[in-house]
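Asker: Just so you know, the sequence shown maps onto residues 1 to 1006 in the numbering used here. Built from N, CA and C at the ideal position, the CB exists for glycine as well. Keep in mind the model is a prediction, meaning the values are calculated, not measured. Okay, here's the structure, questions in a sec.
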Amino acid sequence: NILGSINNLLAPRLNIDAYSPEIDLQKFSNKLNPQSPFPVSGAGKVHLALREKIENPRFSGVFVAEDLAIIDRPVQDVRIEMSFKDSTLYLDEVRAQFLHSKIESWGKLAFNKPHRPLDMHLVGEGEFISNFKELIPFDLPENFGAVDAELSGPLDAPVLNGNYSMSMSANDREAIDILGHFTVDDWNLSFGAGTIDRKFQANGAISNLRENPYYQVHVENIGHILTTLGVQPISQVADRYSIDANFNGLGDNLVLNLRGYSFKSQHTQFVSNFTLKKRSPALSHIGGTIQFFPENSYSFATNFEADLTDTSIVFTQLGNQHWLDGHCNIDLRGQKTIDAELRVSNLDLDQVSAKNEDGTTKLSGKLLSQIQFKGDLHKPEIRTETWMLGAKYNGIGMLTAQLKAALKENTIHIENVSLSKNGSPLLRSAGWVDLSPFSVDLDLVANDLDMNDVILAATRKDSILGGMTNINLKIKGDTWPAPATGSIKIRSGNLLWFKFDELAFDFGDTTDSAKDSSFISFSGLNSNKITYTRKDEFVLNGGGYVPLNGNEDLNVRLSGYGNIFATLFDFVPLLNNATSSCALDIGLKGSYKSVKLVDSKLTVADGQLGFNEVVNEIDQIQGDVVTEGNFINIKSVTGQIGDASLAIYNTATAPAQQGQIGLPLRINNNWMSLGTFHLQSSSKGLPLNIPALMASDEIGRFQIKGMDSCENFLVGGPWFHPVFRGEIVLNDVNAIYPYYEVSERPSPLIDYIMLNSNWDVHAIAGKNNRYVAEFSNIGIDKVIINAGIDDGISELTFTGIIIDTTKTMSPNYGLELALNREDSIQLLSVTQEPDTGSRDNAPAIPLTLQQKLLRTEAGPDTSTFRVTGRIESTRGTIEYLDLSFRVDKFVASWDRSSLDPMVWGQAWTTVPDSLNEKYVYLKLQAKDPETGEFRERGRYENAYFKLESDIPAYNTSQMQVLSILGYDPEDIVDRDRTTNIIGASTENLFLRPLLRPVERTLERSL
1 NILGSINNLL APRLNIDAYS PEIDLQKFSN KLNPQSPFPV SGAGKVHLAL REKIENPRFS
61 GVFVAEDLAI IDRPVQDVRI EMSFKDSTLY LDEVRAQFLH SKIESWGKLA FNKPHRPLDM
121 HLVGEGEFIS NFKELIPFDL PENFGAVDAE LSGPLDAPVL NGNYSMSMSA NDREAIDILG
181 HFTVDDWNLS FGAGTIDRKF QANGAISNLR ENPYYQVHVE NIGHILTTLG VQPISQVADR
241 YSIDANFNGL GDNLVLNLRG YSFKSQHTQF VSNFTLKKRS PALSHIGGTI QFFPENSYSF
301 ATNFEADLTD TSIVFTQLGN QHWLDGHCNI DLRGQKTIDA ELRVSNLDLD QVSAKNEDGT
361 TKLSGKLLSQ IQFKGDLHKP EIRTETWMLG AKYNGIGMLT AQLKAALKEN TIHIENVSLS
421 KNGSPLLRSA GWVDLSPFSV DLDLVANDLD MNDVILAATR KDSILGGMTN INLKIKGDTW
481 PAPATGSIKI RSGNLLWFKF DELAFDFGDT TDSAKDSSFI SFSGLNSNKI TYTRKDEFVL
541 NGGGYVPLNG NEDLNVRLSG YGNIFATLFD FVPLLNNATS SCALDIGLKG SYKSVKLVDS
601 KLTVADGQLG FNEVVNEIDQ IQGDVVTEGN FINIKSVTGQ IGDASLAIYN TATAPAQQGQ
661 IGLPLRINNN WMSLGTFHLQ SSSKGLPLNI PALMASDEIG RFQIKGMDSC ENFLVGGPWF
721 HPVFRGEIVL NDVNAIYPYY EVSERPSPLI DYIMLNSNWD VHAIAGKNNR YVAEFSNIGI
781 DKVIINAGID DGISELTFTG IIIDTTKTMS PNYGLELALN REDSIQLLSV TQEPDTGSRD
841 NAPAIPLTLQ QKLLRTEAGP DTSTFRVTGR IESTRGTIEY LDLSFRVDKF VASWDRSSLD
901 PMVWGQAWTT VPDSLNEKYV YLKLQAKDPE TGEFRERGRY ENAYFKLESD IPAYNTSQMQ
961 VLSILGYDPE DIVDRDRTTN IIGASTENLF LRPLLRPVER TLERSL
């Protein structure tokens, strides 16, 4: 309908109104632009008002339509207000409902310019994701987005540029916000998108949108977006793994590449390559492979094929028929259901499990499993029954495990979890876990579970926590780690270095969370009530966290009162008695590789220690020990040994100008520091018995004190070569020879200290020191020696390391032996001789074994040991040949050039006859190794004893001297043996026994 008038025909002016109740937009747009990239269809109402001159008309109007279609997409509630002047169409306001969103636009189209340029601005907001409802077989999340775009360029080929934002809300999850941009140019789309937190990103291009699109799309962490769909398996996987996707190819022949990797390790967990080929308008074929753990040596792959229609996915092949097979049917429309089953048969676990860092097998055995998926595709019911047979975990086995569980709605129903070792049941569990919102209710029961096996399997660290364990727990709560009630009781085991009769973890009533925060998780357990019981000696109470892996820190605090000295039996093999009244507050913190004492304190009110050797008993022990960071501060420890006192304390730093003393005694060179020990005894000297140097019932006095203006005897680091510096004054010591070969092994710890310590010790002979010994099978008679060691003159200084065994033995040899002396032979890599008799009659075989080992492996170059000083004896007797030889003078003098001293001296006796007394001398002479001449003094290794008379005529031979002593040469049958024995070297007599305590170690080492 057209109404109006044309005024002034000479200069016409329009005043016309045009109205159409139904205009065909498809015909109108084809006449306007037959090649339009945005084809329009439908009908609408239009009202136009034409004004101004006829040669340059102007009009304004409005277009209204309820239902249209643009690019075959429905458009509702369209309203366009427009105007036209100067050959330009102005779209003053465009409003519509399009693609589940509200659209507004404005702009202009110039008809008076070449190519009819278009300049439009478009904004919109709405539920953009809802446009994909037909493509996604899941319930779509709540979503809202906005777009801001510019459409510009020639009318037949405009370019669309814009930005958009989108927010999606998922159940029980924070909303996901996405920002993006896009460009459409000549039917080619390029785009980019990403979440604000950059957890999800996508970019790509789609060429030739109108006819046969070609896709090049890259998506990072696609699972982050899929979690909003609420699909249970995807939601759980997306929290732990990122899935990146690449889409390449034509719509009817599309190649997809997927890569999944762990957020934590960044290692690729799987890759999948498959193609989507369109075989007909209603049928596409999917085929490809999926490979798990491709970066590792234990990677494995399997194949799959499926047919995809508009309504379903049917897998025609799932698995490789060797260890994995199954079927899967997915209904994408209608009921939207899944019916699938996966079967795993005899899968080698060592081929699909990670190795340890050193390349050794972590998990071995066979895996069998059956997994079923049934029901609603959005929330299918998943049931599984899985068996692990003949398994070992880090060498612990044989293990058998079974899991029977089902996922229904949001709940995992655990019907049964069981674990057994070598056919004996160890652990079982049952219960349920709600995934959203989270809650858990599980029972965990175990009997006679070896806790050392658990910790060893999880951490590959032995003797961290051991003992037979009973577990009775209820794990229930709405958080993870979950609160627990019940108990874990470990009997006859150890916590690190400390043995116990029972270690109990009690978990309180979780209904009152303010009182008890105990919990248990896959990685560890936390108990606010830990009880450590050591027989009838003491009980420690406390709480803390004990990890069940090698990554987290142990954090336990215990305190109590009693006989804490009982723990020393675990460290000191020489003990036979330990009683005390102590208060202990101990904190253990750190990874299992480096557990340390933290904020710990030991107070000893009274203690007694009894020893098998060296000292009978130390009583009246009192002291305080605290930890200060990495320093174990022995503030003061005092005790009584008989009528003598001993005092010990330590300092973090060493006193200055004390020789080799400097470094702290840091345990194992990398643990906590003991600083520098300061020791001092009373002037009486400590009553001690030195094994092998003294008879077992003999007691001598040993006073220890400092050197060079230092009051105290010092012991400092480093750990494997501790420095001993000070003076030792000997009084009332009766040294013996032959040394006693005790039937029991000598203490490996003492042996280690003797060999590897860096000595700087000055030994001084005080009063009443003697050398006493009895020899049999020497010459033709036994020999009894009782010689005094002169005081004021006899002094020896010992410096250096006897031999360095740390390079040939375990680096922790000293510490390990202190903890367990019975392992000493094993640690030396020597097989112990079989026990052929009672221990009382057993030979001291470790000496021989160590001698061979040390000589062949350590070598003499590892020794820096030297002795300087001299020993003199001017009194005493040597009983030989039924005569008593009086010691005239014997001397041994050491210098740094050799461990062999220069020796000289003689003893004498008188033999009465009918006329007068004859003197017979037992002289020490040295034989020159090159000339064979005898001298009055020489090196110890070249020394011999010789009998001489004061009558020169009798000195022509040793037989003549024997005749003075009453022996008839004609009566001696074995003259060669007698002659050799009379000229016995110091290898067998007198001076060598004097040096035997030092030499005893040297002869095994060098």
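1) Looking only at its own chain, which residues have a Cβ that is under 7 Å from the Cβ of G42, when we skip the five neighbours before and after it?
2) Shorter than 9 Å from the beta carbon of H413 to some beta carbon of chain B?
3) Starting from A458, trace the alpha helix (DSSP H) both ways and give me its first and last residue.
4) Would a C-beta distance cut-off of 9 Å place I641 and L574 closer than the cut-off?
5) Less than 6 Å between C-beta atoms, sequence neighbours within five positions excluded: which residues of the same chain meet that for Q960?
6) Around the C-beta of R198, are 16 or more other C-beta atoms found within 10 angstroms, so that it is buried, or is it exposed?
7) What residues in its chain sit with their C-beta under 6 Å from that of L122, if we drop five residues either side in the sequence?
8) What residue range does the alpha helix (DSSP H) around D350 cover?
9) In this structure, how does DSSP classify N934 when only helix, strand and coil are distinguished?
10) Looking at the strands, I want to know which residues DSSP matches up with W908.
11) Is there contact between the stretch 413–424 and the stretch 457–473, where contact requires at least three CB pairs shorter than 8 Å?
12) State the Cα-Cα distance for the pair N33 and L118, rounded to the nearest angstrom.
13) Would I396 and L444 qualify as a contact pair, given that the criterion is a beta-carbon distance under 9 Å?
14) Quick one: is R725 buried, meaning 16 or more other Cβ sit within 10 Å of its Cβ, or exposed?
15) Output needed for F247: all residues of its chain with C-beta closer than 7 Å, excluding positions within five of it in sequence on either side, in chain order.
16) Is the CB-CB distance between R765 and N734 below 9 Å?
17) Taking the CB atoms as reference points, tell me whether N758 and Q658 lie closer together than 9 Å.
18) Taking the Cβ atom as the reference point for each residue, do S517 and L548 lie within a distance shorter than 9 Å?
19) Would you kindly work out how many angstroms separate the C-alpha atoms of D950 and L796, rounded to a whole number?
20) Which whole-angstrom value is the C-beta distance of F84 and F59, which I expect to be below 8 Å?
21) Cβ atoms of M902 and W894: under 9 Å apart, would you say?
22) Is the CB-CB distance between K596 and W671 below 9 Å?
23) Just curious, the alpha helix (DSSP H) that Q26 is in, first and last residue?
24) Near N768, what residues of its chain come up, given a Cβ to Cβ distance below 7 Å and the 5 sequence neighbours on each side ignored?
25) Taking just the CA atoms, how far does F270 sit from E295?
26) Grouping DSSP H, G and I as helix and E and B as strand, with all else coil, what is D67?
27) Check for me: the alpha helix (DSSP H) holding Q958 runs from which residue to which?
28) For S369, which of L558, F569 and L342 has the nearest alpha-carbon?
29) Residues in its own chain within less than 6 Å of T579 by CB, not counting five upstream and five downstream?
30) Tell me which same chain residues have a C-beta within less than 6 Å of the C-beta of V973, skipping the five on either side of it?
31) Please return the same chain residues whose Cβ sits closer than 6 Å to the Cβ of L991, not counting the five positions on each side in sequence.
32) Does F760 pass the burial test, meaning 16 or more other C-beta atoms within 10 Å, or should it be called exposed?
33) In the DSSP assignment, what residue or residues form a beta bridge with W387?
34) Alpha carbon to alpha carbon, how far is G359 from A340? Give it in angstroms, no decimals.
35) Would M665 be called buried (16 or more neighbouring beta carbons within 10 Å of its own) or exposed?
36) Between the alpha carbons of E727 and E613, how many angstroms are there, rounded?
Answerer: So, from the data block:
1) In the sequence shown, the residue the question calls residue 42 occupies position 42. Excluding positions up to five away in sequence, the list reads L25, A65, D67, L68 and A69.
2) Looking for chain B here will not work: only one protein chain is present.
3) The residue given as residue 458 occupies position 458 in the sequence shown. Here the alpha helix (DSSP H) through A458 covers M451 to T459.
4) Counting from one through the sequence shown, the residue named residue 641 turns up at place 641. Counting from one through the sequence shown, the residue named residue 574 turns up at place 574. Result no, Cβ atoms of I641 and L574 do not sit closer than 9 Å.
5) By 1-based counting over the sequence shown, the position of residue 960 is 960. Around Q960: Y954.
6) The residue given as residue 198 occupies position 198 in the sequence shown. Under this definition R198 is an exposed residue.
7) Along the sequence shown, one-based indexing puts residue 122 at 122. Closer than 6 Å at Cβ, skipping near neighbours: S105 and A149.
8) Against the sequence shown, residue 350 aligns to sequence position 350. Note, D350: alpha helix (DSSP H), L349 to V352.
9) In the sequence shown, counting from the first residue as 1, residue 934 sits at position 934. Note that residue 934 corresponds to Phe in the displayed sequence, not to Asn. Under the three-state reduction of DSSP, F934 is assigned to strand.
10) Numbered from 1 along the sequence shown, position 908 holds the residue referred to as residue 908. Residue pairing for W908: DSSP places it in a beta bridge opposite R886 and Y921.
11) no
12) For the purposes of this step, residue 33 is taken as residue 33 along the sequence shown, with counting starting at 1. For the purposes of this step, residue 118 is taken as residue 118 along the sequence shown, with counting starting at 1. Each residue's Cα considered, the two are about 12 Å apart.
13) Residue 396 sits at position 396 when you count from the first residue of the sequence shown. Residue 444 sits at position 444 when you count from the first residue of the sequence shown. Not in contact: I396 and L444 (Cβ atoms no closer than 9 Å).
14) For this step, residue 725 is matched to residue 725 along the sequence shown. Buried is the call here.
15) Position 247 of the sequence shown holds residue 247. Closer than 7 Å at Cβ, skipping near neighbours: Y215, V217, L254 and L256.
16) Locating residue 765 in the sequence shown gives position 765, where the first residue counts as 1. Locating residue 734 in the sequence shown gives position 734, where the first residue counts as 1. The question names Arg, but residue 765 is Ala in the sequence shown. No, the pair does not count as a contact, with Cβ atoms beyond the cut-off.
17) On the sequence shown, residue 758 is found 758 positions in, with the first residue counted as 1. On the sequence shown, residue 658 is found 658 positions in, with the first residue counted as 1. Contact: no.
18) Within the sequence shown, numbered from 1, the residue matching residue 517 stands at position 517. Within the sequence shown, numbered from 1, the residue matching residue 548 stands at position 548. No, the pair does not count as a contact, with Cβ atoms beyond the cut-off.
19) Along the sequence shown, one-based indexing puts residue 950 at 950. Along the sequence shown, one-based indexing puts residue 796 at 796. Each residue's alpha carbon lies about 34 Å from the other.
20) Translated into the one-based positions of the sequence shown, residue 84 becomes position 84. Translated into the one-based positions of the sequence shown, residue 59 becomes position 59. F84 to F59, Cβ: 5 Å. Contact.
21) Taking the sequence shown and counting its residues from 1, the one referred to as residue 894 is at position 894. Taking the sequence shown and counting its residues from 1, the one referred to as residue 902 is at position 902. A contact, by the Cβ cut-off of 9 Å.
22) Taking the first residue of the sequence shown as 1, we reach residue 596 at position 596. Taking the first residue of the sequence shown as 1, we reach residue 671 at position 671. For K596 and W671, yes; Cβs fall inside 9 Å.
23) In the sequence shown, the residue the question calls residue 26 occupies position 26. Start and end: L25 to L32.
24) Residue numbering aside, residue 768 sits at position 768 when the sequence shown is read from its first letter. Excluding residues within five positions, the ones whose Cβ falls inside 7 Å are N731 and D732.
25) For the purposes of this step, residue 295 is taken as the residue at position 295 of the sequence shown. For the purposes of this step, residue 270 is taken as the residue at position 270 of the sequence shown. Approximately 9 Å between the Cα atoms of the pair.
26) For the purposes of this step, residue 67 is identified with residue 67 of the sequence shown, where counting begins at 1. The answer is strand: DSSP assigns D67 an E or B state.
27) Here residue 958 refers to the residue found at position 958 of the sequence shown. Q958 to I964 is the span of the alpha helix (DSSP H), which, as asked, contains Q958.
28) Start at 1 with the first residue of the sequence shown, and residue 369 comes out as number 369. When only C-alpha atoms are compared, the closest one is L342.
29) Reading the sequence shown from its first residue, position 579 is the one you call residue 579. So the list reads N563 and Q608, once near-sequence residues are dropped.
30) Residue numbering aside, residue 973 sits at position 973 when the sequence shown is read from its first letter. Interpretation of V973 is limited by its pLDDT of 48, a score under 50 that renders its predicted location unreliable; the figure taken from the coordinates is listed afterwards. Around V973: no qualifying Cβ.
31) As a working mapping, residue 991 is identified with position 991 in the sequence shown. The pLDDT assigned to L991 is 40, lower than 50, so where the model puts this residue is not dependable, and the model offers no usable value.
32) Within the sequence shown, the letter at position 760 stands for residue 760. Sequence check: residue 760 is Asp here, not Phe. With 16 or more Cβ atoms within 10 Å of its Cβ, D760 is classed as buried.
33) Looking up residue 387 in the sequence shown gives position 387. Secondary-structure assignment with DSSP links W387 through a beta bridge to L368 and Q402.
34) Position 340 of the sequence shown, counted from the first residue, corresponds to residue 340. Position 359 of the sequence shown, counted from the first residue, corresponds to residue 359. Roughly 37 Å between the two C-alpha positions.
35) Looking up residue 665 in the sequence shown gives position 665. According to the sequence displayed, residue 665 carries Leu and not Met. The residue is buried, with at least 16 neighbouring Cβ atoms inside 10 Å.
36) Counting from one through the sequence shown, the residue named residue 727 turns up at place 727. Counting from one through the sequence shown, the residue named residue 613 turns up at place 613. Roughly 22 Å between the two C-alpha positions.
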